[in-house]
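Right, one structure below, let's go through it.
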Amino acid sequence: MSVLHLSKTGTYLHFDRAECEAAGETRAAAYQSASPFPHIVIDELLDPAMLRQVAAEYPSLEGFTHFDRDQERLKYQFTPEKIPSALTRNLLAELNSIAFVTFLEKMTGIDGLIPDPHFSGGGLHLTKRGGHLGVHADFNLHGEMKLERRLNLIVYLNDDWDDSYGGHLELWDTEMKACEVKVAPHIGRAVVFSTSLDSYHGHPDPLTCPPERDRRSIATYYYTAFDEKLADVPARDTNFRPRPGTGDRIDWAARAHHFINDWVPPRLQRYARRLNPIR
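So for the sequence shown, the UniProt record's numbering puts the first residue at 1; every next one is plus one.
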């Protein structure tokens, strides 16, 4: 039985706020005390039968491009306006609802969470065989809404996923010395974790699933209002980090961008970016 249930009003599915609040309070201690940074893994957060339908109603890949660089390869993203499934759009809307936000607030202890109607970097994800996502810390400020990023939610959609296929989410310690947590991406399994400049995570090894399979997930992100203490905190793009003892490549383009952003006076930045056009 799933942790949270979706009730139906007419044809619309929605969470119950009281149930969400109770479920969040029950898991607060586990979330807030977790290492290497606050997080939780919840099996069957949502109904697996519904998630199987979401997985079956993915958009066609035709006409879409994927990430293709050393740090992230063969990964596709679909925001709601690119998704033909009414069920998936309904679910994504509810993951941004006050009921679900209440669940997150009670569990994490973070008040005033704000969902992202732009789904920047979020929505549906799909990674093909051979693809990966290097270990990284996420961008920290929402460029359009001017908010601080605080939480990630990932819900996996992979039925009959053999662990030998890979695709495990890895959570690394803040000094990038060791992976402390590995999460297999089985259907119905959800991961929530706090985001910061050193909450390093990813699935860095290439997928070895059969050619006809791929790794699918839902991703939604949550923010809080910009705090005055962040006035002097530099904005950060996704910050990929190489794992020790591996052949992971340093993301020199991002490092150059961070250097320019931190140290070059604003009037000179446009000239520096002409020399290093990473955007």
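From the three backbone atoms N, C-alpha and C, an ideal C-beta is built for every residue, glycine too.
Measuring C-alpha to C-alpha distances from R249 to each of V183, T195, L133, C179 identifies L133 as the nearest.
E212 carries a coil assignment under DSSP once its states are collapsed to helix, strand and coil. Rounded to whole angstroms, the separation of the alpha carbons of F15 and S7 is 6 Å.
Counted as a single uninterrupted DSSP element, the stretch harbouring K177 is not any alpha helix (DSSP H), since DSSP gives it neither H nor E.
Using a Cβ distance threshold of 8 Å, L51 and I187 count as a contacting pair. About 18 Å separates the beta carbons of L124 and L151, which is beyond the 8 Å limit, so they are not a contact pair. The way I'd put it, the region 77-92 doesn't touch the region 161-171; fewer than three beta-carbon pairs between them come closer than 8 Å.
One thing to note: G122 has its Cβ within 8 Å of the Cβ of Y221. For G10, the number of other beta carbons within 10 angstroms of its own is below 16, and it is reported as exposed.
Assigned with DSSP and collapsed to three states, R150 falls in strand. Here I98 is exposed: its Cβ has fewer than 16 other Cβ atoms, across all protein chains shown, within 10 Å.
The three-state secondary structure of A137, taken from DSSP, is strand. Out of G245, T246, P244, T224, the CA that lies nearest to the CA of I110 is found in T224.
Counted as a single uninterrupted DSSP element, the alpha helix (DSSP H) harbouring Q32 occupies residues 28-32. With respect to the 8 Å criterion, S199 and F37 are classified as neighbours on the basis of their beta carbons. By the C-beta density criterion, D214 is buried, having at least 16 other C-beta atoms within 10 angstroms. For the pair F226 and L153, the CB atoms are not nearer than the 8 Å cut-off.
In its chain, beyond the 5 residues on either side, L4, H5 have a beta carbon closer than 7 Å to the beta carbon of E19. DSSP links Y156 through a beta bridge to S217.
With a beta-carbon spacing of about 32 Å, R129 and N140 fall beyond the 8 Å limit used to define contacts. Residue nearest to Y58 within the set L95, G24, E72, Y76 is Y76 (criterion: CA-CA distance). In this structure Q71 is in contact with F240, their Cβ atoms being roughly 4 Å apart against a cut-off of 8 Å.
Per DSSP, the unbroken beta strand (DSSP E) holding A190 starts and ends at 190-194. Per DSSP, reduced to three states, the secondary structure at E25 is helical.
F240 has H136 as its beta-bridge partners, per DSSP. Counting along the chain, E72 sits inside the beta strand (DSSP E) bounded by residues 72-78. DSSP links H201 through a beta bridge to H136, L171.
The alpha-carbon separation between K106 and I40 amounts to approximately 13 Å.
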